[in-house]
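Participant: Sequence order for the protein chains is A and B.
Just so we're aligned: 173 in the working numbering is position 150 of the first sequence, and the numbers increase by one with no gaps anywhere.
Just so we're aligned: 142 in the working numbering is position 122 of the second sequence, and the numbers increase by one with no gaps anywhere.
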Amino acid sequence: MGGGLARKEDPNLVTGKANWTDNIKLPGMLHMSLLRSPFAHAKITNLDVSAALDQPGVVAAYTGADLADEWPGGVPCAATVTEDQKTPFQGPIVQDEVNYMGDVVAAVVATDRYTAQDALEAIEVDYEPLDVVMEMEAALEDGATLVHEDMEDNLCFDWKAEAGDVEGAFEQADVVIKERYIQQRLIPNAIEPRATVATQDPGHGGYVVYSATQVPHLAKIVLSLSTGIPENQIRVVAPDVGGGFGSKLNVYREEIMALVIAKKLGTPVKWVEDRSENYQATIQGRGQLQDMEVAATNEGRILAVRATLLDDMGAYLQLLTPVISVSGAAMFAGVYTFDAFSCQIKGVFTNKTPTDAYRGAGRPEAAYAIERIVDSLARRLDMDPIEVRRKNFYEPFDEPTATPAGLEYDSMNMQAAVDRALELSDYEGLREEQQRRRENNDPVQLGIGFSTYTEICGLGPSQALAGLGIGGAGWEAANVRMLLTGKVEVATGTSPHGQGHETSWSQIAADALGVTPDDVEVLHGDTAVSPMGRDTYGSRSLAVGGIAVHLACEKVVDKAKKIAAHMLEASEDDIEFEGGKFSVAGSPDQSVAIQDVSATAFLGANIPEGMEPGLNENMVFDPPNFTFPFGAHVCVTETDTETGKVRIRDYFAVDDCGPVINPVIVDGQLHGGLAQGIAQALYEEAIYDEDGTLVTGSMVDYMIPGAPELPNYTLDRTVTPSPSNPLGVKGVGEAGTIGAPPAVINSIIDGLSPLGVTHIDMPALPMRVWEAIQQARGESAGEWTSGGGIQAESADATQGGDE
Amino acid sequence: MRRIQVEVNGVTYEHEVEPRLLLVHYLRETLNLTGTMVGCNTSNCGACTVLLDDESVKSCTMLAVQADGQSITTIQGLAENGDWHPMQTAFHENHGLQCGYCTPGMILASVSLLNENPDPNEEEIREALEGNYCRCTGYENIIKSVQQAAGQTS
Chain A
24 MGGGLARKED PNLVTGKANW TDNIKLPGML HMSLLRSPFA HAKITNLDVS AALDQPGVVA
84 AYTGADLADE WPGGVPCAAT VTEDQKTPFQ GPIVQDEVNY MGDVVAAVVA TDRYTAQDAL
144 EAIEVDYEPL DVVMEMEAAL EDGATLVHED MEDNLCFDWK AEAGDVEGAF EQADVVIKER
204 YIQQRLIPNA IEPRATVATQ DPGHGGYVVY SATQVPHLAK IVLSLSTGIP ENQIRVVAPD
264 VGGGFGSKLN VYREEIMALV IAKKLGTPVK WVEDRSENYQ ATIQGRGQLQ DMEVAATNEG
324 RILAVRATLL DDMGAYLQLL TPVISVSGAA MFAGVYTFDA FSCQIKGVFT NKTPTDAYRG
384 AGRPEAAYAI ERIVDSLARR LDMDPIEVRR KNFYEPFDEP TATPAGLEYD SMNMQAAVDR
444 ALELSDYEGL REEQQRRREN NDPVQLGIGF STYTEICGLG PSQALAGLGI GGAGWEAANV
504 RMLLTGKVEV ATGTSPHGQG HETSWSQIAA DALGVTPDDV EVLHGDTAVS PMGRDTYGSR
564 SLAVGGIAVH LACEKVVDKA KKIAAHMLEA SEDDIEFEGG KFSVAGSPDQ SVAIQDVSAT
624 AFLGANIPEG MEPGLNENMV FDPPNFTFPF GAHVCVTETD TETGKVRIRD YFAVDDCGPV
684 INPVIVDGQL HGGLAQGIAQ ALYEEAIYDE DGTLVTGSMV DYMIPGAPEL PNYTLDRTVT
744 PSPSNPLGVK GVGEAGTIGA PPAVINSIID GLSPLGVTHI DMPALPMRVW EAIQQARGES
804 AGEWTSGGGI QAESADATQG GDE
Chain B
21 MRRIQVEVNG VTYEHEVEPR LLLVHYLRET LNLTGTMVGC NTSNCGACTV LLDDESVKSC
81 TMLAVQADGQ SITTIQGLAE NGDWHPMQTA FHENHGLQCG YCTPGMILAS VSLLNENPDP
141 NEEEIREALE GNYCRCTGYE NIIKSVQQAA GQTS
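1. Taking C-beta pairs closer than 7 Å, name the residues in chain A that N64(B) reaches, listed in chain order.
2. Are there 16 or more other CB atoms within 10 angstroms of the CB of E806(A), so buried, or fewer, so exposed?
3. Apart from the five residues on each side of it in sequence, which residues of its chain come closer than 6 Å, Cβ to Cβ, to A804(A)?
4. With DSSP as the reference, identify every bridge partner of C65(B), one or two as the case may be.
5. Per DSSP, what kind of secondary structure is K201(A) in: helix, strand or coil?
6. Does DSSP put K584(A) in a helix, a strand or coil?
7. For T38(A) and S721(A), what's the separation of their Cα atoms in angstroms?
8. Could you list the residues in the segment 211–227 of chain A with a C-beta less than 9 Å from some C-beta on chain B, going in chain order?
9. Just tell me which of W294(A), K286(A), Y302(A), G357(A) has its CA closest to the CA of I325(A).
10. Any C-beta of chain A sitting closer than 7 Å to the C-beta of Q96(B)?
11. If we cut at 7 Å on Cβ distances, does S803(A) have a partner in chain B?
12. State the Cα-Cα distance for the pair Q618(A) and R30(A), rounded to the nearest angstrom.
13. Would you tell me roughly how many angstroms separate the C-alpha atoms of N35(A) and A41(A), rounded to the nearest one?
14. Between the alpha carbons of T550(A) and L241(A), how many angstroms are there, rounded?
15. Where does Y153(B) sit, in a helix, a strand or coil, going by DSSP?
16. Considering only DSSP beta bridges, list what Q367(A) is partnered with.
17. Using a Cβ-Cβ cut-off of less than 7 Å, list which residues of the segment 111–143 of chain B approach chain A; keep chain order.
18. Taking all protein chains shown into account, decide if D9(A) is buried (16 or more other Cβ within 10 angstroms of its Cβ) or exposed.
19. Go to Q797(A), then tell me how far its alpha helix (DSSP H) extends in each direction, as first and last residue.
20. If you reduce the DSSP assignment to three classes, tell me which class E577(A) lands in.
21. Could you tell me which residues DSSP puts in a beta bridge with T737(A)?
22. Output, in chain order, the set of chain A residues within a Cβ distance shorter than 8 Å of A99(B).
23. One question on the structure: do K243(A) and V231(A) come within less than 7 Å of each other, judged by their Cβ atoms?
24. Using a beta-carbon distance below 7 Å, is R298(A) in contact with chain B?
25. Just to confirm, are I210(A) and Y302(A) a CB contact at a threshold of 7 Å?
26. Using a Cβ cut-off of 7 Å (strictly closer), state whether C80(B) contacts chain A.
27. Below 8 Å, how does it come out for the segment 297–314 of chain A and the segment 715–735 of chain A: are there three or more Cβ pairs, yes or no?
28. So, A139(A) versus A145(A), is the Cβ gap smaller than 7 Å?
29. Give the range of the beta strand (DSSP E) segment to which D141(A) is assigned.
30. Under 8 Å Cβ-Cβ, which residues of chain B neighbour Y736(A)?
31. Which one of D141(A), R203(A), M437(A) has the shortest CA to CA distance from H54(A)?
32. Apart from the five residues just before and just after D534(A), which ones in its own chain have a Cβ nearer than 7 Å to its Cβ?
33. Measure from the C-beta of E27(B) to each C-beta in chain A and report whether the shortest distance is under 7 Å.
34. Could you give the residue range of the alpha helix (DSSP H) that holds K48(A)?
35. For T103(A), which residues in the same chain have their Cβ closer than 7 Å to its Cβ, ignoring the five residues on either side in sequence?
36. Among H115(B), E100(B), C65(B), M57(B), which residue has its Cα nearest to the Cα of L43(B)?
In structure tokens form, the structure reads like this:
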């Protein structure tokens with residue numbers, strides 16, 4: 024472990040031999056295409072699919088009424104965050120009413136994709152458009168248009184947690200700051216669209232569902248709950264999966280439809296999403312209005328934090344929609360220790376695509392709010408932003424330590440991470456340059472922005488997850504077996520889609536068993552291969568699943584030791600294990616390789632009496648606590664004060680994810696996370712117009728940063744082991760999306776603060792930055808006024824950013 | 021239906037195709053060359069990039085009939101006699117891929133770049149790959165991969 028082994032996954036991927044779901048062809052396979060609503064809210068007054076059925080090659084066409092009996096559970100939501108949470112029924116195909124643009128009205132099944140798509144045109148459908156409600160504050164007003172007419176209002180839930188005397192702290196504070204931040208909606212944009220093939224299991228009863236999913240094990244359960252097909256009649260396979268970022272941490276209506284229709288027709292059914300469907304009907308991320316308040320002393324000591332949030336559910340609840348914000352609530356306390364904390368979250372229905380987990384899922388929202396307001400506090404007190412932070416950091420600790428928000432952080436040394444980040448970035452030199460450029464009235468101003476963040480990872484302790492309202496089952500499973508020839512098979516319940524588990528798990532097993540990584544084959548992504556599993560999301564895979572692999576290997580070694588003692592005719596207590604060899608203490612020439620022990624164990628003829636043959640061990644690891652990776656980021660921006668254009672000149676990130684198994688993979692995770700964090704800060708936003716139409720409906724209109732838009736990164740690490748697991752590892756998949764947005768925005772504001780700029784919303788597109796400068800200068804911004812509406816502004820600016 | 025003759029990865033094929041059939045679907049569905057992927061359908065993401073007479077094109081924005089009489093290289097034809105192209109090796113050695121879905125298109129776009137400009141600087145590489153999105157890597161290791169393949173690794 025600790026070596027930068029080149030990935031075992033790569034050979035198939037660089038030669039075009041990967042097995043994506045869309046590659047799967049089965050005999051007799053039909054293609055499903057879906058008619059989606061162009062309206063955000065409408066009654067269906069007439070629907071007739073018969074003309075589609077008349078088209079050559081069309082095998083079946085269905086309305087919601089046709090299949091309603093096949094999915095009694097609808098599309099289930101697994102989270103209940105308050106007792107009175109409202110959970111609307113989501114039928115995979117709606118029956119009477121559509122509630123967002125992209126809601127499914129009918130399905131056509133045909134012999135090929137082109138034919139199915141053509142037949143959609145023949146479906147007769149009439150809509151009676153209804154009023155829409157698109158913005159959360161409007162949705163909560165009395166008399167607001169209802170997303171679901173059978174509900175009394177658009178409030179999904181009202182959740183609150185409070186610790187300490189928050190009111191008192193705000194009353195006695197020298198300084199109170201209140202600011203509003205906006206977490207815009209984001210489209211996750213895995214480059215592989217979703218895809219599903221459902222089929223009757225040949226030669227067996229039951230069904231196999233191949234799906235581009237992060238969660239084959241969760242899908243097996245959810246598909247059963249939705250359709251009533253017994254869980255043991257469903258096998259889910261995640262073949263090679265082309266990115267997820269949370270968007271494939273879900274079980275979608277299309278997977279349910281494909282399964283139900285394959286069952287009805289008795290033939291395999293494939294559905295492949297196109298990109299416009301991906302934008303409308305795959306979950307979106309974020310969507311949160313944050314009223315953030317901090318109470319502090321004149322010396323910069325934080326007394327209390329109060330976060331009051333509106334969180335946009337969209338029109339329905341997907342798998343985890345309501346718990347995304349709630350699971351991040353405690354992180355609004357950040358890396359600071361103080362006495363009083365409260366967080367209130369209202370979940371709100373709107374006529375938009377449902378939201379759910381997007382890389383970071385609740386934590387980027389929290390880190391952004393606390394890191395922005397700490398910077399504001401520093402500005403108010405005329406202190407260095409690092410100085411204010413240092414006054415409120417925890418003293419370094421390596422055992423669980425209580426936070427103001429009721430969690431126990433596992434281990435932390437912010438001071439070390441910050442010191443390294445300042446050194447790496449030459450902070451003093453940067454401030455000197457900044458001063459020079461300010462004095463010279465440089466039209467391009469230098470900004471230096473920090474984020475000192477922590478995140479909650481390693482989901483998670485089953486009991487804690489139950490407390491959050493998602494039932495439990497945060498464990499992960501592994502099976503490690505040594506074969507007759509000494510080769511190793513590791514079956515894991517994690518389900519990678521770019522993270523390199525085959526490589527890292529091989530390194531973990533090789534290290535524990537004294538074999539080479541090449542001797543290890545990692546099997547994953549199939550509920551038949553690893554019957555128990557909880558899949559991949561929330562930076563959990565290594566800290567829970569990797570640990571299960573490690574512990575299962577230890578069990579193998581323990582058993583092998585007994586067999587080795589038997590083979591060497593020595594006492595087990597005298598056997599030492601090192602470098603893949605069992606030897607008798609004091610007589611190193613008396614030894615046996617683990618491969619020979621494995622063969623002996625397999626054959627079973629020469630093992631201790633009463634012992635089970637084979638080296639084949641299972642482990643289910645349920646961690647005692649979450650893990651809390653942390654880090655210090657420094658973003659250096661150059662903002663053109665005449666055009667508002669921001670360039671990231673340098674990005675320094677010192678991240679602490681505990682001991683590192685494979686540094687190349689860890690750095691790669693950071694690069695990708697930082698890129699997505701910068702994308703939120705500078706470029707991306709899902710924009711709807713007032714009628715509920717998704718304006719950024721394709722990659723032409725939604726600004727995904729390409730290679731020219733992103734910087735290189737200067738990375739370093741500190742290593743603070745977690746006490747939550749025996750390898751001390753913490754997880755790293757989301758660090759970048761959590762750390763980067765506040766570092767970028769704080770940097771831009773820092774650069775423009777002499778002009779009086781104190782606030783900029785994400786994404787900081789040139790027009791938005793330019794407008795903030797104009798407003799701060801008290802000058803007229805020409806014909807453009809800030810009252811003109813964020814949507815129009817954003818739409819124009821998105822195109823402007825594309826240049 | 022129209023009859024087309026196309027050379028793909030050194031093999032000549034003849035097929036009757038619908039005039040509207042996209043080249044990417046011809047490759048994937050008709051020829052079963054599933055190394056070329058669809059990402060966006062709007063010519064933005066570049067996952068479907070192939071080489072048409074050695075120049076990169078997006079096969080989701082081209083009709084199969086437009087490739088009639090021409091020669092195509094997909095990711096599955098890039099290695100020669102089982103030996104990887106230096107660009108494939110470079111992506112592997114520099115961790116230039118994670119999920120790998122954009123990788124075939126990214127590799128072919130990079131090969132096309134070096135055909136035109138064997139010694140690009142970093143900015144030229146970034147500009148040349150602007151039509152190929154990667155959501156996993158943040159591009160830095162992709163740039164390094166192309167630099168290695170161009171023989172200019174620092």
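Even for Gly, the Cβ is constructed at its ideal location relative to N, Cα and C.
Facilitator: This is what the structure holds:
1. M722, V723
2. Note that E806(A) scores 43 on pLDDT, short of 50, meaning its location in the model is unreliable; the coordinates nonetheless yield the value given after this. Per the 10 Å Cβ criterion, exposed.
3. Caution applies to A804(A), whose pLDDT of 45 falls short of 50 and renders its modelled position unreliable; the value that the coordinates give is listed next. Excluding positions up to five away in sequence, the list reads E794, Q797.
4. DSSP lists no partner for C65(B).
5. strand
6. Here K584(A) sits in helix by DSSP.
7. 29 Å
8. P211, N212, A213, I214, E215, P216
9. G357(A)
10. yes
11. Low local confidence applies: a pLDDT of 43 at S803(A) is under 50, so the model's placement there is unreliable, with the coordinate-based value given in what follows. Not closer than 7 Å to any Cβ of chain B, the Cβ of S803(A) fails to qualify, so no.
12. 24 Å
13. 5 Å
14. 10 Å
15. coil
16. In the DSSP assignment, Q367(A) is bridged to K183(A), T331(A).
17. F111, H112, E113, H115, L117, Q118, C119, G120, Y121, C122, T123, P124, I127
18. Lying outside 24 to 826, the shown extent of chain A, residue 9(A) is not represented and no answer is given.
19. 789–799
20. helix
21. F675(A)
22. T38
23. no
24. yes
25. yes
26. no
27. Verdict: yes, contact present.
28. For the pair A139(A) and A145(A), the CB atoms are not nearer than the 7 Å cut-off.
29. Unbroken run through D141(A) is the alpha helix (DSSP H), 136–143; no beta strand (DSSP E).
30. G158, E160
31. Per the Cα distances, D141(A).
32. M24
33. Using beta-carbon distances, E27(B) does not count as an interface residue toward chain A, since no partner is under 7 Å.
34. Unbroken run through K48(A): none, as it is neither H nor E.
35. G492
36. M57(B)
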